[in-house]
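A short worksheet on the structure shown next.
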Amino acid sequence: MDLRVLESVQRRWTKRVTGMSGLNYRARLRVLNQYSVQGLPRDHPESYHSYMWNHLFKHIDIHPENVNLLDGTCSDLEAECARYEAKIAEAGGIELFMGGIGPDGHVAFNEPGSSLVSRTRVKTLNQDTIQANARFFDNDISKVPTRALTVGVGTVMDANEVLILITGQHKAYALHQAIEEGVNHMWTVSAFQQHPKTIMVCDEDATLELKVKTVKYFKELWSVHSKQIDDPVAFESTRHG
14 MDLRVLESVQ
24 RRWTKRVTGM
34 SGLNYRARLR
44 VLNQYSVQGL
54 PRDHPESYHS
64 YMWNHLFKHI
74 DIHPENVNLL
84 DGTCSDLEAE
94 CARYEAKIAE
104 AGGIELFMGG
114 IGPDGHVAFN
124 EPGSSLVSRT
134 RVKTLNQDTI
144 QANARFFDND
154 ISKVPTRALT
164 VGVGTVMDAN
174 EVLILITGQH
184 KAYALHQAIE
194 EGVNHMWTVS
204 AFQQHPKTIM
214 VCDEDATLEL
224 KVKTVKYFKE
234 LWSVHSKQID
244 DPVAFESTRH
254 G
């Protein structure tokens with residue numbers, strides 16, 4: 014596992030995927046979204062379909078048929094989850110999973126207590142998540158969906174690489190649980206200790222619950238790694254005199 018304090022990483026990634034880097038993703042990029050809530054139509058302004066199109070897909074060069082989202086309005090939700098797992102397998106698996114976490118360490122909608130080997134399935138949301146999502150529905154908790162379709166922890170663990178973004182003091186304790194404590198199904202994000210290629214990118218506020226020596230270790234590691242990336246030839250010359 015690698016921990017990186019957020020500086021320009023997010024900016025460089027955004028430049029790459031939005032096409033500002035000059036790279037053409039149209040033929041190769043395939044996106045599978047992490048989750049969808051039950052009963053929210055695609056054209057609803059707070060649906061994940063609307064969110065992804067407005068904030069990402071319409072800004073990048075991607076075939077619409079390469080965009081895959083779980084359908085929370087279908088009549089058979091279990092079948093939809095099975096279809097999604099099959100779609101992931103058909104795509105050759107997930108190359109890169111990128112997501113955030115909640116203050117309770119949940120990934121996608123895999124909330125505390127989720128099985129760490131779970132697959133895409135229907136989940137009932139806990140009260141904290143429902144209350145947190147009320148801000149998207151005029152703070153009317155009665156309008157907030159209470160069930161969601163989500164990729165499972167096992168689904169994510171099968172990805173070749175995992176990138177987790179963690180920002181804000183309110184997620185600091187979750188980051189502590191993720192890297193300084195043991196693997197625990199009550200802290201879903203801790204499962205990535207067992208993933209061979211996980212990077213956690215965080216800001217300074219998110220590190221406030223970490224031990225000083227933990228932050229120091231990862232900052233020094235990232236400093237060395239950055240030099241290797243920026244000028245590998247000069248870095249090797251310096252090392253060997």
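Position in the sequence shown (first residue = 1) + 13 = the working numbering.
For glycine and all other residues, C-beta sits at the position ideal for the given N, C-alpha and C.
Model, not experiment: these values are computed from the prediction.
- Check the Cα spacing between Tyr48 and each of Gly181, Glu174, Pro158: the tightest is with Pro158.
- Setting aside the 5 residues that flank it on each side, Tyr97 is surrounded in the same chain by Leu83, Thr133, each with a C-beta closer than 7 angstroms to its C-beta; the list follows chain order.
- By the Cβ-count criterion, Gln241 is exposed, with fewer than 16 other Cβ atoms from all chains shown falling within 10 Å of its own Cβ.
- Take the alpha-carbon of Thr163 and the one of Ala102: they are about 16 angstroms apart.
- Inclusion of Met199 and Pro125 in the CB contact set at 9 angstroms is warranted, their separation being smaller than that value.
- One alpha carbon belongs to Lys226, the other to Cys87, and they sit about 50 angstroms apart.
- Taking 8 angstroms as the upper bound for CB-CB distance, Val202 and Ala191 are in contact here, some 4 angstroms apart.
- Rounded to the nearest angstrom, the Cβ distance from Leu45 to Asn81 is 5 angstroms, consistent with a contact under 8 angstroms.
- The Cβ atoms of Gly85 and Val50 sit closer than 9 angstroms to each other.
- A check of alpha carbon separations from Ala204 across Val120, Glu233, Phe150, Glu91 identifies Val120 as the nearest.
- Under DSSP, Trp235 shares a beta bridge with no residue.
- Counting only residues of its own chain and dropping the five nearest sequence neighbours on each side, Gln207 has a CB closer than 8 angstroms to the CB of Met170, Val196.
- In this structure Phe149 is exposed. Its beta-carbon is surrounded by fewer than 16 other beta-carbon atoms within 10 angstroms.
- Nearest to Asp117 by C-alpha distance, out of Leu90, Asp141, Asp89, is Asp141.
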